[in-house]
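K.L.:
Dropping the structure in here first, questions after.
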């Protein structure tokens with residue numbers, strides 16, 4: 234399995250990243266230490282750090298900056314999740330209660346801010362303006378993606394193109410930044426940096442699209458959230474966007490009402506419309522296309538074990554059931 | 234009046250900062266443009282930018298970086314206010330409805346994140362690691378201060394010293410950073426940078442302490458919030474900390490219950506205890522001490538019109554009724 238392949242390949246590096254993360258979360262303020270550690274330990278797959286680490290090793294990078302920067306990327310991601318869960322009033326993520334489910338929404342808003350700030354401070358300590366430009370631009374797009382998604386909430390008329398902008402901003406951009414940083418700290422030529430950035434970007438889009446499929450098609454036990462989360466939040470994603478464009482009148486009506494009002498009651502007819510229109514298959518196809526672009530982008534990069542693992546990760550991303 | 238003196242002295246610079254702020258808030262995402270502009274226009278006094286601008290002029294600074302950096306400081310401050318108001322479920326600030334009062338709490342969480350990210354991106358574009366170190370450290374302390382304040386909520390046993398740490402982190406640190414940046418971009422010697430930082434720090438503490446007094450003693454019309462806000466939020470501040478230490482049994486009981494439970498019902502007996510123990514006078518005295526330290530810190534700096542205005546601002550801060 235690709236994730237385990239990456240994990241065993243990156244074993245020592247991943248442990249170094251976890252140590253870096255824990256150093257960044259040290260605080261004499263108990264509420265920070267408690268929540269930050271809870272969220273960071275709640276079973277994240279560390280995908281973004283793995284992309285950065287594997288790419289740095291592919292380039293034969295020999296320093297320690299990749300550990301710090303991978304920790305920074307994971308912190309940015311974690312801060313976003315904390316705020317996202319507050320905004321969605323989400324009760325579960327990765328089969329465990331969210332921070333807001335346990336402590337209410339006040340502390341996660343402020344501890345999320347601390348994570349952002351700590352990530353900034355740590356990337357500044359790396360003292361490389363190029364790195365800072367990449368990460369600050371990514372953070373800005375991440376924030377824009379979150380607002381854009383909120384703006385699209387309860388709007389059944391979001392077009393596929395608008396939706397792809399959300400996916401790009403809220404997910405692809407940080408994968409892209411993680412990949413790009415590996416090329417930058419390894420001082421690789423511009424063409425290789427762009428190729429790797431393309432890998433990260435397309436991997437990120439594929440990853441998010443599959444996430445969106447699983448929200449309608451996973452078995453809840455594997456998935457760690459309950460099904461129909463997006464529908465309940467009134468969040469249009471590619472499965473509902475495609476189904477809305479191709480369903481019969483009854484199916485369209487179900488999707489529109491589900492997104493506009495409280496969606497949970499409409500999960501069954503919406504899932505039926507998604508099934509009849511092949512919307513999951515369509516979304517998986519778009520994701521597969523992205524995964525294959527990601528793999529193609531690797532072609533000009535050093536042909537190492539790590540490159541193979543990155544290619545396998547792209548395949549895993551679209552093949553996964555969780 | 235000191236604020237108007239500063240405003241007229243800094244007229245063109247302040248307008249340049251406002252233009253810089255508006256450039257930073259430009260977005261093709263309507264929800265960002267709407268909320269960010271609403272909050273930034275909601276009558277903030279631009280005190281932190283004014284400190285930076287006046288100090289830069291005192292040093293004869295001739296570039297344009299002070300405009301961008303003052304805009305960045307105001308953005309960081311504004312982002313913090315947005316999240317603070319969400320956490321407190323505050324309905325009014327500066328006599329206008331808060332963003333969460335108008336749009337609910339979801340958008341302000343995410344637009345606040347955008348402001349942080351945009352501020353960070355803009356300071357990176359300034360390309361000076363020293364500046365980035367100062368601002369990222371300040372942002373981290375700001376976030377810590379907010380969490381610390383939340384942690385102290387409903388705790389009547391917060392000591393004066395603990396409280397001063399909150400004030401330092403949530404208010405003084407950003408004033409200090411604003412002041413310090415003026416010395417850094419003007420390439421002044423370390424001793425002058427430290428003197429100016431001391432000015433900003435003490436000004437910030439004084440400013441916050443007076444804010445805390447006004448919450449119990451202002452006339453609501455001037456103040457722009459309703460009285461007893463801190464009590465209602467269970468937020469111990471120097472007036473209640475001092476009163477608790479010096480009140481009779483009945484007064485102590487009122488303060489304890491007000492902070493531990495819902496405070497609004499206890500406002501009258503708490504105000505009576507504050508009055509009997511001279512807690513407002515005590516807090517104003519501590520603030521005056523800080524303001525005079527702030528003024529003393531200016532002694533070794535260039536004796537210009539701007540230095541006089543900075544000294545007057547310290548006096549205004551402790552003399553104000555709003």
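Chains as they are written, first to last, in the working numbering: chain G, 234 to 555; chain R, 234 to 555.
From the three backbone atoms N, C-alpha and C, an ideal C-beta is built for every residue, glycine too.
Treat the numbers as computed from the prediction; the structure is a model and nothing was measured.
Can you say whether residue 501 of chain G is buried or exposed, counting buried as having 16 or more other CB atoms within 10 angstroms of its CB?
P.N.:
Flag for residue 501 of chain G reads exposed.
K.L.:
Of all the beta strand (DSSP E) runs that stay within the bounds of the region 459-517 of chain G, which reach a length of 3 or more residues?
P.N.:
You should have found no qualifying run.
K.L.:
Quickly, what does DSSP pair residue 331 of chain R with across the bridge? List them, please.
P.N.:
Answer is none; residue 331 of chain R lacks a bridge partner.
K.L.:
Is there a C-beta anywhere in chain R that falls below 8 Å from the one on residue 404 of chain G?
P.N.:
So no, residue 404 of chain G is outside the interface.
K.L.:
8 Å is my cut-off, CB to CB: does residue 569 of chain R come that close to chain G?
P.N.:
Lying before the first or after the last residue shown, residue 569 of chain R is absent from chain R, which here runs from 234 to 555.
K.L.:
By the criterion of Cβ-Cβ separation under 8 Å, what are the contact partners of residue 363 of chain R in chain G?
P.N.:
What residue 363 of chain R touches in chain G: nothing, since even the nearest Cβ is about 10 Å away.
K.L.:
Please check the pair residue 391 of chain R and residue 523 of chain R, which I expect to be a contact at CB under 8 Å, by giving their CB distance rounded to whole angstroms.
P.N.:
In fact, because the Cβ distance is near 19 Å, the residues do not count as touching under 8 Å.
K.L.:
List the residues of chain G that residue 419 of chain R touches, going by C-beta distances under 8 Å, in chain order.
P.N.:
Going along chain G, no residue has its Cβ under 8 Å from residue 419 of chain R, so there is no contact; the nearest lies around 21 Å.
K.L.:
Between the region 317-331 of chain R and chain G, which residues of the former have CB atoms less than 7 Å from a CB of the latter, in chain order?
P.N.:
The residues in question are 319 and 320.
K.L.:
Specify, as a first and last residue, the run of the alpha helix (DSSP H) that residue 556 of chain R falls within.
P.N.:
Because chain R in this structure spans residues 234 to 555, residue 556 of chain R falls outside the shown range and cannot be described.
K.L.:
By the three-class DSSP mapping on this structure, what secondary structure does residue 324 of chain G have?
P.N.:
In the structure shown, residue 324 of chain G sits in coil (DSSP, three-state: anything other than H, G, I, E or B).
K.L.:
Assign residue 473 of chain R to buried or exposed, taking buried as 16 or more other Cβ atoms, counted over all protein chains shown, within 10 Å of its Cβ.
P.N.:
Looking at its Cβ environment, which holds 16 or more other Cβ atoms inside 10 Å, residue 473 of chain R is buried.
K.L.:
Residue 371 of chain R and residue 301 of chain R: beta carbons closer than 8 Å?
P.N.:
No.
K.L.:
Taking only beta-carbon positions, decide if residue 241 of chain G is within less than 8 Å of chain R.
P.N.:
Not an interface residue.
K.L.:
Assess contact between the region 523-535 of chain G and the region 425-439 of chain G, defined as three or more Cβ pairs (one per stretch) separated by less than 8 Å. Is contact present?
P.N.:
Yes: at least three Cβ pairs fall under 8 Å.
K.L.:
Taking the alpha-carbon positions, what's the residue 507 of chain G to residue 481 of chain G distance?
P.N.:
Residue 507 of chain G and residue 481 of chain G: Cα-Cα distance of roughly 11 Å.
K.L.:
For the alpha helix (DSSP H) that residue 276 of chain R lies in, which residues bound it at each end?
P.N.:
Per DSSP, residue 276 of chain R belongs to no alpha helix (DSSP H) and is neither H nor E.
K.L.:
Which class does residue 350 of chain R belong to by DSSP, given the choice of helix, strand or coil?
P.N.:
Looking at residue 350 of chain R - three-state DSSP - the assignment turns out to be helix.
K.L.:
So, helix, strand or coil for residue 448 of chain R, using DSSP?
P.N.:
Reduced to three states, the DSSP call for residue 448 of chain R is helix.
K.L.:
Rounded to the nearest angstrom, what separates residue 462 of chain G and residue 407 of chain G at their Cα positions?
P.N.:
Roughly 23 Å between the two C-alpha positions.
K.L.:
In chain R, which residues lie with their C-beta within 8 Å of the C-beta of residue 384 of chain G?
P.N.:
Within chain R, the residues near residue 384 of chain G are 262, 263 and 264.
K.L.:
Is there a Cβ of chain G sitting closer than 8 Å to that of residue 372 of chain R, yes or no?
P.N.:
Taking Cβ atoms only, chain G reaches closer than 8 Å to residue 372 of chain R, which makes this a yes.
K.L.:
Taking C-alpha atoms, which residue in R/353, R/384, R/304 and R/238 lies nearest to residue 282 of chain R?
P.N.:
Cα-wise, what sits closest to residue 282 of chain R is R/304.
K.L.:
Identify which residue in G/349, G/323 and G/328 has its Cα closest to the Cα of residue 338 of chain G.
P.N.:
Ranking G/349, G/323 and G/328 by Cα distance to residue 338 of chain G puts G/323 first.
K.L.:
Out of G/331, G/313, G/366 and G/267, which has the shortest C-alpha to C-alpha gap to residue 342 of chain R?
P.N.:
With distances taken between Cα atoms, residue 342 of chain R lies closest to G/313.
K.L.:
Can you tell which of G/492, G/554, G/368 and G/375 has the C-alpha that lies nearest to the C-alpha of residue 442 of chain G?
P.N.:
Looking at the Cα atoms, G/554 is the closest of the given residues.
K.L.:
Between the Cα of residue 513 of chain R and the Cα atoms of R/450, R/493 and R/484, which residue gives the shortest distance?
P.N.:
That would be R/450, whose Cα lies nearest to the Cα of residue 513 of chain R.
K.L.:
Starting from the beta carbon of residue 184 of chain G, find every residue of chain R whose beta carbon is closer than 9 Å, and list them in chain order.
P.N.:
This structure cannot speak to residue 184 of chain G, because chain G is shown only from 234 to 555.
K.L.:
DSSP on residue 533 of chain G, reduced to helix/strand/coil?
P.N.:
Note: residue 533 of chain G maps to coil in three-state DSSP.
K.L.:
Name the chain R residues that come within less than 8 Å of residue 343 of chain G, Cβ to Cβ?
P.N.:
Within 8 Å Cβ-Cβ: 316, 320, 376, 379, 380 and 383.
K.L.:
Taking just the CA atoms, how far does residue 412 of chain G sit from residue 397 of chain G?
P.N.:
Those two C-alpha atoms are separated by around 20 Å.
K.L.:
Nearest to residue 377 of chain R by alpha carbon, out of R/365, R/402 and R/418?
P.N.:
It is R/402.
K.L.:
Taking 8 Å as the cut-off, decide whether the C-beta atoms of residue 416 of chain R and residue 426 of chain R are in contact.
P.N.:
It is a contact, given that the beta carbons lie within the stated cut-off.
K.L.:
Would the region 277-297 of chain G count as touching the region 239-251 of chain G if we require 3 or more Cβ pairs under 8 Å?
P.N.:
Yes, the region 277-297 of chain G touches the region 239-251 of chain G.
K.L.:
State yes or no: is the C-beta of residue 466 of chain R within less than 8 Å of the C-beta of residue 346 of chain G?
P.N.:
For residue 466 of chain R and residue 346 of chain G, no; Cβs fall outside 8 Å.
K.L.:
For residue 268 of chain G and residue 344 of chain G, which I take to be in contact (beta-carbon distance under 8 Å), what is that distance rounded to the nearest angstrom?
P.N.:
Indeed they touch by this definition, with Cβ atoms about 4 Å apart.
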